[in-house]
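Asks: Provided herewith is a single structure, encoded as structure tokens, for subsequent inquiry.
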């Protein structure tokens with residue numbers, strides 16, 4: 055089993071913002087696998103298959119700062135070990151479109167990841183960080199829309215991130231890191 059938690063904020067006003075890259079990647083994975091979402095555990099959840107078993111796609115609907123509550127409920131329901139969970143999130147400290155997979159670490163100032171690590175009680179949770187670049191202020195940057203140039207590149211970024219998640223699910227974290235961390 056693999057659980058992919060894409061971070062974002064619910065609501066139309068946030069749909070096309072940088073902070074919702076996690077949702078965008080999960081939506082791409084759902085599109086590829088024909089997965090439909092249903093509301094459960096304060097999240098939108100979809101179940102599909104991957105090469106080795108069940109793939110659970112999660113979009114917390116609690117707003118970013120409380121994402122951990124939904125993630126914990128899903129992880130506990132499926133009795134999933136922490137290494138079977140991948141968090142997909144935006145990252146201010148990476149240039150736009152850069153991908154970084156890690157198996158553990160701090161939240162790095164990301165409130166959604168902080169909430170998840172706190173609720174799961176460990177920093178040993180794999181994550182895929184997607185660069186959004188740094189703006190004048192963190193809040194303004196994460197809630198802003200993409201520039202015209204970024205908007206043109208966004209489908210490629212989302213595709214690469216979804217490919218990285220698929221590689222993680224199929225072949226493990228090290229294989230995904232070796233392939234996708236070198237791209238940026």
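In my numbering, the protein residues as written are 55 to 238. Virtual Cβ for every residue (Gly too), placed ideally from N, Cα, C. On a predicted model such as this, the values are computed, not experimentally measured, just so you know.
#1: Give me the residue from 147, 166, 138 and 106 with the minimum Cα distance to residue 114.
#2: Would you tell me roughly how many angstroms separate the C-alpha atoms of residue 119 and residue 186, rounded to the nearest one?
#3: Buried or exposed for residue 164, going by 16 or more other Cβ atoms inside 10 Å?
#4: Run through the stretch 103-160 for me and flag every whole alpha helix (DSSP H) of 4 or more residues, listed as ranges in chain order.
#5: Under three-state DSSP, which class holds residue 224?
#6: By how many angstroms is the C-alpha of residue 202 removed from the C-alpha of residue 171?
#7: Is it true that the CB of residue 99 sits closer than 8 angstroms to the CB of residue 111?
#8: Within 8 angstroms, do at least three Cβ pairs link the stretch 88-95 to the stretch 124-131?
#9: Give me whichever residues DSSP pairs with residue 182 in a beta bridge.
#10: In the DSSP output, which residue or residues are listed as bridge partners for residue 97?
#11: Hey, how far is the Cα of residue 124 from the Cα of residue 61?
#12: Between the Cα of residue 197 and the Cα atoms of 148, 179 and 75, which residue gives the shortest distance?
#13: Please classify residue 57 as buried or exposed, where buried requires at least 16 neighbouring CB atoms within 10 angstroms.
#14: Since residue 79 and residue 219 are thought to touch, with beta carbons under 8 angstroms apart, how far apart are those beta carbons, to the nearest angstrom?
#15: Report all residues from its chain with a CB closer than 7 angstroms to the CB of residue 72; omit the five preceding and five following residues, and keep chain order.
#16: For residue 211 and residue 151, which I take to be in contact (beta-carbon distance under 8 angstroms), what is that distance rounded to the nearest angstrom?
#17: I need the straight-line Cα distance from residue 238 to residue 232, nearest angstrom please.
#18: Secondary structure at residue 193, three-state DSSP: helix, strand or coil?
Replies: Inspection of the coordinates gives the following:
#1: 166
#2: Going from the Cα of residue 119 to the Cα of residue 186 covers about 18 angstroms.
#3: So residue 164 ends up on the buried side.
#4: 121-132
#5: Secondary structure of residue 224 (DSSP, three-state): helix.
#6: 34 angstroms
#7: yes
#8: yes
#9: 142 and 155
#10: 94 and 114
#11: 11 angstroms
#12: 75
#13: Counting the other CB atoms within 10 Å of its CB gives residue 57 a total of 16 or more, which places it among the buried residues.
#14: 7 angstroms
#15: Sequence-distant Cβ neighbours of residue 72 in its own chain, meaning closer than 7 angstroms and more than five residues away, are 144, 186, 195, 196, 198 and 200.
#16: About 4 angstroms separates the two Cβ atoms, so the contact holds.
#17: Low local confidence applies: a pLDDT of 48 at residue 238 is under 50, so the model's placement there is unreliable, with the coordinate-based value given in what follows. Their backbone Cα atoms lie some 12 angstroms apart in a straight line.
#18: DSSP places residue 193 in helix when its eight states are reduced to three.
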